[in-house]
Amino acid sequence: MKLVISLFTLLFIASCAQVRSVSQTSIPAKRTNAVTAEVKNNIFFLFNFRTDYVNDLTTQLKNKCENGRVEGILTKDVIITYFPIIYYQEHITAEGYCAK
Amino acid sequence: MLYRFIALLFILQGCAYVYHTQIGEVVSNQDFVSIPFEILISETGVNIQEAGAIGRAVIHDRNAGNNLQAAAAIISLFQMGDRTGQPVYSGDNYADRVYELLYEKCPSGQISGLQSVREMNKYPVVSGEIVKVRGYCLKRKTNPVRKKI
């Protein structure tokens, strides 16, 4: 019984991250003003019905670099398992440089 | 019976998955107006194993159900390998139209914040294999013409 409980405990405390995709646009010569944007989506019991949370990334970058141009954007799409089957989090970050 | 019901419940759930996200350069300029656009290209994916599992749960004849699932397993052996989403039967070029659709949406070619997302909407047995492209088409602001007095 103890073994079963230990195994279950191990299973549930094992948080792990998977990188689903990475993309990079061309990097500018002047790299001073770094800007970042991120969106998160929580998934419970493997049920997820939305993908529109991604759309907010561009707006965030635009707001952080008004009257400028965000270049060299690194987009990283990661899924983190906090508790298997119960709770996952999709985490997308975009980092770039604001050129004015 | 209860197990079959629970299995069917899990199989019949609909879900959305994001596989890939990419963002292009973002331009914010007061001299331009940003007009948002969205392009959606979708193809139907088929999950043979799921079809076999549903068939097995629905068919009362156990032998026939087992044979159906075995057939599904054999077919899925030919679909092995890394992939995003589920296999489609119309070839791999359904997403090639993105380029021309992009040109239709923004003929000037001045695009900001081009966002490419590969996603899947999953339904029982079938799925929508989607390529979504969003962005802003930049158009220069036209100054009002001053009338000469």
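Note that the protein sequences, when read in sequence, are chains A and B. Residue numbers for the first sequence follow the working numbering, so the first one is 1197 and each next one is one higher. Residue numbers for the second sequence follow the working numbering, so the first one is 352 and each next one is one higher. Beta carbons are placed, not taken as given, at the ideal position from N, Cα and C, and that holds for glycine.
With residue i and residue j assumed to form a contact (beta carbons below 8 Å), what rounded beta-carbon distance in angstroms separates them?
| i | j | result |
| --- | --- | --- |
| alanine 367 (chain B) | threonine 1247 (chain A) | 5 Å |
| glycine 1292 (chain A) | serine 379 (chain B) | Wrong, their Cβ atoms sit about 12 Å apart, outside the cutoff. |
| glutamate 376 (chain B) | valine 1200 (chain A) | That pair is no contact at about 53 Å. |
| valine 484 (chain B) | leucine 465 (chain B) | 7 Å |
| valine 477 (chain B) | glycine 396 (chain B) | 7 Å |
| valine 439 (chain B) | glutamate 394 (chain B) | 5 Å |
| glutamate 372 (chain B) | valine 1250 (chain A) | Correcting the residue type first, residue 372 (chain B) is threonine in the shown sequence and not glutamate. Yes, threonine 372 (chain B) and valine 1250 (chain A) are in contact; Cβ-Cβ is about 6 Å, under 8 Å. |
| glycine 1268 (chain A) | serine 1222 (chain A) | 7 Å |
DSSP three-state label for residue i, please.
| i | result |
| --- | --- |
| serine 1202 (chain A) | helix |
| threonine 1277 (chain A) | strand |
| valine 1266 (chain A) | strand |
| lysine 1272 (chain A) | strand |
| serine 478 (chain B) | strand |
| isoleucine 1282 (chain A) | coil |
To the nearest angstrom, how far is the alpha carbon of residue i from that of residue j?
| i | j | result |
| --- | --- | --- |
| leucine 453 (chain B) | threonine 1277 (chain A) | 36 Å |
| cysteine 457 (chain B) | leucine 489 (chain B) | 8 Å |
| asparagine 1205 (chain A) | asparagine 1237 (chain A) | Note on residue identity: the sequence assigns threonine, not asparagine, to residue 1205 (chain A). Distance between the alpha carbons of threonine 1205 (chain A) and asparagine 1237 (chain A): 25 Å. |
| tyrosine 1173 (chain A) | aspartate 382 (chain B) | Only positions 1197 to 1296 of chain A appear in this structure, which leaves residue 1173 (chain A) out of reach. |
| asparagine 1259 (chain A) | isoleucine 405 (chain B) | 48 Å |
| tyrosine 370 (chain B) | valine 482 (chain B) | 10 Å |
| alanine 446 (chain B) | glycine 479 (chain B) | 13 Å |
| glutamate 451 (chain B) | alanine 423 (chain B) | 37 Å |
| serine 463 (chain B) | arginine 1227 (chain A) | 20 Å |
| arginine 407 (chain B) | glycine 442 (chain B) | 29 Å |
| arginine 419 (chain B) | glutamine 400 (chain B) | The residue you asked about is not arginine; residue 419 (chain B) is leucine in the sequence shown. Spanning the two alpha carbons is a distance of roughly 10 Å. |
| isoleucine 1281 (chain A) | phenylalanine 1243 (chain A) | 10 Å |
| arginine 310 (chain B) | alanine 421 (chain B) | No information on residue 310 (chain B) is available, as it lies outside the stretch 352 to 500 that chain B covers here. |
| lysine 1272 (chain A) | cysteine 1261 (chain A) | 20 Å |
| phenylalanine 1241 (chain A) | serine 459 (chain B) | 45 Å |
| glutamate 1286 (chain A) | histidine 411 (chain B) | 40 Å |
| cysteine 1212 (chain A) | lysine 492 (chain B) | 49 Å |
| phenylalanine 1245 (chain A) | leucine 1203 (chain A) | 31 Å |
| methionine 1197 (chain A) | phenylalanine 1279 (chain A) | 21 Å |
| glutamine 1220 (chain A) | glutamate 1234 (chain A) | 15 Å |
| glutamine 461 (chain B) | proline 387 (chain B) | 12 Å |
Taking the DSSP output, what are the residues bridged to residue i?
| i | result |
| --- | --- |
| tyrosine 487 (chain B) | B:Pro387 and B:Ser463 |
| tyrosine 368 (chain B) | B:Met471 |
| threonine 1289 (chain A) | A:Glu1234 and A:Lys1272 |
If we define contact as Cβ-Cβ less than 9 Å, is residue i a contact residue for chain C?
| i | result |
| --- | --- |
| glutamine 400 (chain B) | The question asks about chain C, but that chain is absent: this structure's protein chains are A and B. |
Next on the checklist: List, from N- to C-terminal side, the beta strand (DSSP E) runs of 3 residues or more that fit wholly inside the region 1209-1264 of chain A.
Outcome noted: 1212-1220 and 1230-1240
Item to check | Inside the region 382-462 of chain B only - alpha helix (DSSP H) runs reaching at least 4 residues | outcome: 399-409, 413-428 and 449-456
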